[in-house]
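Asks:
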Amino acid sequence: TCIFGGALNFFLKHSMLPMPETFAVKFIFMVLGYFVWSLGIAVYMQPALGAGPKDSLFVAFAKRKIPVAIAKNSIEAVVCVIGWILGGTVGIGTLVCVFAMGYMIEFCFKLFKFDVTKVENESLIDTAKNFKYIFAKQK
């Protein structure tokens, strides 16, 4: 998030990203952004080094035979309601995320032939052991 935010600030500061002005173009940019985010989720989850908290939750639901799209959208809906209750703004982008993000992620998983129900994420202890093994071999 820090790297992405810093890169985005750099691109915006130097006018390297087009700034849409009409609603239609803004909406297209938003949907494309959500799709790229979905691709990113499909890519980062494949190495099985651990997932983000909400992503781990939809994986747990998927392993219990709940479709990824339904699980992800349900989680986003609950978080949306909590955010709204706490005073957050719910806009068109929020609703697109709540109702479409899960379907985009599910599409990207199919695109990469990634079965999230078969993923066994590595624990921190396993990762530490693997690093120790890798660095020991290099000496």
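Last residue of the sequence shown: number 164 in our numbering, and the count goes up by one each step with no gaps.
In this text, a Cβ means the ideal position worked out from N, Cα and C, and glycines have one as well.
Model, not experiment: these values are computed from the prediction.
(1) Go through its chain and collect everything with a Cβ distance to methionine 44's Cβ below 7 Å, but skip five positions before and after it.
(2) Name the two residues that bound the continuous alpha helix (DSSP H) containing leucine 57.
(3) May I ask you to report which of helix, strand or coil DSSP gives threonine 114?
(4) Kindly give me the distance between the Cβ atoms of cysteine 133 and alanine 67, rounded to whole angstroms, as I take these residues to be in contact under 8 Å.
(5) If you follow the alpha helix (DSSP H) that lysine 79 is in, where does it begin and where does it stop?
(6) Apart from the five residues just before and just after leucine 74, which ones in its own chain have a Cβ nearer than 8 Å to its Cβ?
(7) Under the rule that 16 or more other beta-carbon atoms within 10 Å means buried, what is serine 81, buried or exposed?
(8) Valine 144 and valine 84 look like a contact to me (Cβ under 8 Å); what is the Cβ gap, rounded to whole Å?
(9) For serine 40, count neighbouring Cβ atoms within 10 angstroms of its own Cβ and tell me buried if that reaches 16, exposed if not.
(10) Please report how far the alpha carbon of methionine 70 lies from the alpha carbon of glycine 112, in whole angstroms.
(11) Which word fits valine 50, buried or exposed, when buried means at least 16 other C-beta atoms lie within 10 angstroms of its C-beta?
(12) Can you tell me the Cα-Cα spacing of glycine 127 and phenylalanine 60, whole angstroms?
(13) Does the beta-carbon distance from isoleucine 110 to lysine 79 come in below 8 Å?
(14) Who are the near neighbours of methionine 129 in its chain, counting only those whose CB is closer than 7 Å to its CB and skipping five residues on each side?
(15) Figure out for me which residue from Asn155, Lys154, Thr142 and Phe156 has the closest Cα to the Cα of glycine 89.
Replies: On the basis of the supplied data:
(1) Residue 44 sits at position 19 when you count from the first residue of the sequence shown. For methionine 44, where only same-chain residues beyond five positions count, there are no Cβ hits under 7 Å.
(2) Here residue 57 is taken as the residue at index 32 of the sequence shown, counted from 1. That run of the alpha helix (DSSP H) goes 48–70.
(3) Taking the first residue of the sequence shown as position 1, residue 114 is located at position 89. Three-state result, threonine 114: coil.
(4) Stepping through the sequence shown from its first residue, residue 133 is reached at position 108. Stepping through the sequence shown from its first residue, residue 67 is reached at position 42. Contact holds; Cβ gap of about 4 Å.
(5) The residue you call residue 79 lines up with position 54 of the sequence shown. Here the alpha helix (DSSP H) through lysine 79 covers 78–87.
(6) On the sequence shown, residue 74 is found 49 positions in, with the first residue counted as 1. Answer for leucine 74: Asn146, Glu147 and Thr152, listed in chain order.
(7) Here residue 81 corresponds to residue number 56 of the sequence shown, with the count starting at 1. The residue in question, serine 81, is exposed, as its Cβ has fewer than 16 Cβ neighbours within 10 Å.
(8) Position 119 of the sequence shown, counted from the first residue, corresponds to residue 144. Position 59 of the sequence shown, counted from the first residue, corresponds to residue 84. Confirmed, about 7 Å.
(9) As a first step, residue 40 must be located in the sequence shown, where it is residue number 15. With fewer than 16 other Cβ atoms within 10 Å, it is exposed.
(10) Within the sequence shown, numbered from 1, the residue matching residue 70 stands at position 45. Within the sequence shown, numbered from 1, the residue matching residue 112 stands at position 87. The straight-line gap from Cα to Cα measures roughly 32 Å.
(11) Stepping through the sequence shown from its first residue, residue 50 is reached at position 25. Valine 50 comes out exposed.
(12) In the sequence shown, residue 127 corresponds to position 102, counting from 1. In the sequence shown, residue 60 corresponds to position 35, counting from 1. Approximately 10 Å, taken between the alpha carbons.
(13) Looking up residue 110 in the sequence shown gives position 85. Looking up residue 79 in the sequence shown gives position 54. No, the Cβ-Cβ distance between isoleucine 110 and lysine 79 is not below 8 Å.
(14) Numbered from 1 along the sequence shown, position 104 holds the residue referred to as residue 129. Taken in chain order, the residues that qualify are Tyr59, Phe60 and Ser63.
(15) Here the question's residue 89 lines up with position 64 in the sequence shown. Note on identity: in this sequence residue 89 is arginine, with glycine being the wrong assignment. The residue with the shortest Cα to Cα distance from arginine 89 is Thr142.
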